[in-house]
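Single-structure report; data block below.
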Amino acid sequence: MSEGPVISHGFARCEKPERYIQQLVKHWSHKMAATYDEGDGMGAFPFSDLESAVLLARPEGIAITLTTAEAQRNVHMRGVLEEHIDRFAFREAPLTYEWKEAEDC
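If you read the sequence shown in the numbering used here, its first letter stands for residue 21, the second for the next number, and so on.
Here it is as structure tokens:
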């Protein structure tokens, strides 16, 4: 029996969410087709056919939707996202991340 997609929602309070998302898009665009929509303040990161992250700039921080194929991978990718965002938010880091599984939202 295979597991369906695992979706989690995260939030990180920060002062410059658009800037950090733009920097992350630029950084990861060398490895994947990462995109940034300036109008929505949205960065999209297709890690693979089954995995992706969408980051949205909000006035109080970054809203994150992470989709993976399995729960263990979801937890791992949360760490990857946190590490990279903290790298760009170094003046504020470490940021505090709040995560919820989609079914908990």
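Even glycine gets a Cβ: it sits at the ideal position worked out from N, Cα and C.
Please report the Cβ distance between A89 and E71, rounded to the nearest whole angstrom; I am assuming they are in contact, meaning their Cβ atoms lie under 8 angstroms. Looking up residue 89 in the sequence shown gives position 69. Looking up residue 71 in the sequence shown gives position 51. With a Cβ gap of about 7 angstroms, A89 and E71 count as contacting.
How many Å lie between S49 and V74 at the Cα? Locating residue 49 in the sequence shown gives position 29, where the first residue counts as 1. Locating residue 74 in the sequence shown gives position 54, where the first residue counts as 1. Cα-Cα distance, rounded: 14 angstroms.
Please list the terminal residues of the continuous beta strand (DSSP E) segment that includes H29. Taking the sequence shown and counting its residues from 1, one reaches residue 29 at position 9. Element bounds for H29: V26 to R33.
For my contact list, G24 and I84 are in at a C-beta cut-off of 8 angstroms; report their separation, rounded to the angstrom. Numbered from its first residue, the sequence shown carries residue 24 at position 4. Numbered from its first residue, the sequence shown carries residue 84 at position 64. Wrong, their Cβ atoms sit about 20 angstroms apart, outside the cutoff.
Quick check: what's the CA-CA separation for S68 versus M52? Within the sequence shown, numbered from 1, the residue matching residue 68 stands at position 48. Within the sequence shown, numbered from 1, the residue matching residue 52 stands at position 32. Rounded to the nearest angstrom, the two C-alpha atoms are 9 angstroms apart.
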